[in-house]
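**Q**
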Amino acid sequence: MLAQRSLQQSVRRLAAQQPGRIGITRFAAPAAIATGHAMPQWRQVTTQNVSQDTDILAKQRLHRPVAPHLGIYRPQITWIPSMFNRITGLMLSGPLYLFSMAYLVAPLMGWHLESQSIAAAFGALPVIAKVGVKGLIAWPFTFHSLNGVRHLMWDFALGFKNKTVAQTGWTVVGLSAVTAIALALM
168 MLAQRSLQQS VRRLAAQQPG RIGITRFAAP AAIATGHAMP QWRQVTTQNV SQDTDILAKQ
228 RLHRPVAPHL GIYRPQITWI PSMFNRITGL MLSGPLYLFS MAYLVAPLMG WHLESQSIAA
288 AFGALPVIAK VGVKGLIAWP FTFHSLNGVR HLMWDFALGF KNKTVAQTGW TVVGLSAVTA
348 IALALM
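Heads up: the sequence shown begins at 168 in the numbering used here, then just goes up one per residue.
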């Protein structure tokens, strides 16, 4: 170890005295950087005037293809359930996390979030409000669940033909709407 250190120190001293002779002038050891004895590093910088090339770039941009946007495409059943699956997942998990956090801090804040108080508050609502609240909870739940079953079928390599994908997509949309209405009216 002592021989290695002495060799490094002598190479560094030689490099500091004659930087052009040793091929290590581009790199500095971590110890040299830490002690402030790092060798200066130089790099040739080349610049180029590009003000003349702006008209060439503008002409090239005219011939580039324009990226398609959602406004160009007709909505397809293949991507509508995918989009709503993510949205309904957020609609279900977001309030769940918020309620869980509120439930944890409720005793400290003096809030009453027990099952009895929530049931009493819900029971005091008018019938139309009860149906609306239950519908707002039932539709995301049924859609997300039924579309999850559809994705599980795909995980087992079932229903990958275009016709089957469209049929199952419309089935999920229709069945989730009917099931949500039935659950909201219960």
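C-beta: ideal position from N, C-alpha, C; glycine also. All values derive from a computational prediction rather than experimental measurement.
1) Looking only at its own chain, which residues have a Cβ that is under 7 Å from the Cβ of G341, when we skip the five neighbours before and after it?
2) Quick one: what does DSSP say M353 is sitting in, helix, strand or coil?
3) Confirm, please, whether the CB-CB distance from F310 to S343 is below 8 Å.
4) Mark G336 as exposed unless 16 or more other C-beta atoms lie within 10 angstroms of its C-beta, in which case mark it buried.
5) L257 and K301 - do their beta-carbons sit closer together than 8 Å?
6) What whole-angstrom Cβ distance do A333 and I244 have, given they're in contact under 8 Å?
7) Can you tell me whether R172 is buried or exposed, with buried defined as 16 or more other CB within 10 angstroms of its CB?
8) Quick check on the DSSP output: the alpha helix (DSSP H) that includes R253 runs from which residue to which?
9) Within 10 Å of its beta-carbon, does L263 have 16 or more other beta-carbons around it, so buried, or fewer, so exposed?
10) Would you please verify whether the beta carbon of G299 is less than 8 Å from any beta carbon of chain D?
11) Going straight from the alpha carbon of P248 to that of R317, what length do you get?
12) Could you tell me the alpha carbon to alpha carbon distance between L275 and M268, rounded to whole angstroms?
13) Applying the criterion that 16 or more other CB atoms from any shown protein chain within 10 Å of the CB defines a buried residue, is L313 buried or exposed?
14) Could you pull the start and end residues of the alpha helix (DSSP H) that Q243 belongs to?
15) So what does DSSP say about V339, is it helix, strand or coil?
16) Residue range of the alpha helix (DSSP H) that G315 falls in?
17) Roughly how many angstroms lie between the CA atoms of I189 and Q176, to the nearest whole one?
18) When burial is assigned at 16 or more other CB atoms within 10 Å of the CB, is W242 buried or exposed?
**A** Inspection of the coordinates gives the following:
1) For the purposes of this step, residue 341 is identified with residue 174 of the sequence shown, where counting begins at 1. Taken in chain order, the list of residues that qualify is empty.
2) Here residue 353 refers to the residue found at position 186 when the sequence shown is read from its first residue. Three-state result, M353: coil.
3) As a first step, residue 343 must be located in the sequence shown, where it is residue number 176. As a first step, residue 310 must be located in the sequence shown, where it is residue number 143. Contact flag set, yes.
4) On the sequence shown, position 169 is the one that residue 336 refers to. Result: buried.
5) Along the sequence shown, read from residue 1 onward, the residue named residue 301 stands at position 134. Along the sequence shown, read from residue 1 onward, the residue named residue 257 stands at position 90. It is not a contact, given that the beta carbons lie outside the stated cut-off.
6) Within the sequence shown, numbered from 1, the residue matching residue 333 stands at position 166. Within the sequence shown, numbered from 1, the residue matching residue 244 stands at position 77. So it is a contact: roughly 5 Å between Cβ atoms.
7) Along the sequence shown, read from residue 1 onward, the residue named residue 172 stands at position 5. Exposed, by the Cβ-count rule.
8) Sequence index remark: in the sequence shown, residue 253 carries index 86 (1-based). Membership of R253 in the alpha helix (DSSP H) is indicated by the continuous run I247 to M276.
9) As a working note, residue 263 is residue 96 in the sequence shown. With fewer than 16 other Cβ atoms within 10 Å, it is exposed.
10) Absence of chain D from the displayed structure is noted, only one protein chain being present.
11) Counting from one through the sequence shown, the residue named residue 248 turns up at place 81. Counting from one through the sequence shown, the residue named residue 317 turns up at place 150. Taking the straight line from one Cα to the other gives about 10 Å.
12) Your numbering for residue 275 matches position 108 in the sequence shown. Your numbering for residue 268 matches position 101 in the sequence shown. Between L275 and M268, the C-alpha separation is close to 12 Å.
13) To locate residue 313, count along the sequence shown from 1; it is residue 146. Residue environment: L313 is assigned as buried (16 or more neighbouring CB atoms within 10 Å of its CB, all protein chains considered).
14) The count along the sequence shown starts at 1 and reaches residue 243 at position 76. Counted as a single uninterrupted DSSP element, the stretch harbouring Q243 is not any alpha helix (DSSP H), since DSSP gives it neither H nor E.
15) For this step, residue 339 is matched to residue 172 along the sequence shown. Look at V339 here: in three-state DSSP terms it is helix.
16) If you number the sequence shown from 1, residue 315 lands on position 148. Per DSSP, G315 belongs to the alpha helix (DSSP H) from V294 to D322.
17) As a first step, residue 189 is located in the sequence shown; it is residue number 22 there, counting from the start. As a first step, residue 176 is located in the sequence shown; it is residue number 9 there, counting from the start. Any reading at I189 is ruled out, since the residue's pLDDT is 49, under 50, leaving its predicted position unreliable.
18) Counted from its first residue, the sequence shown places residue 242 at position 75. The question names Trp, but residue 242 in the sequence shown is Pro. Per the 10 Å Cβ criterion, exposed.
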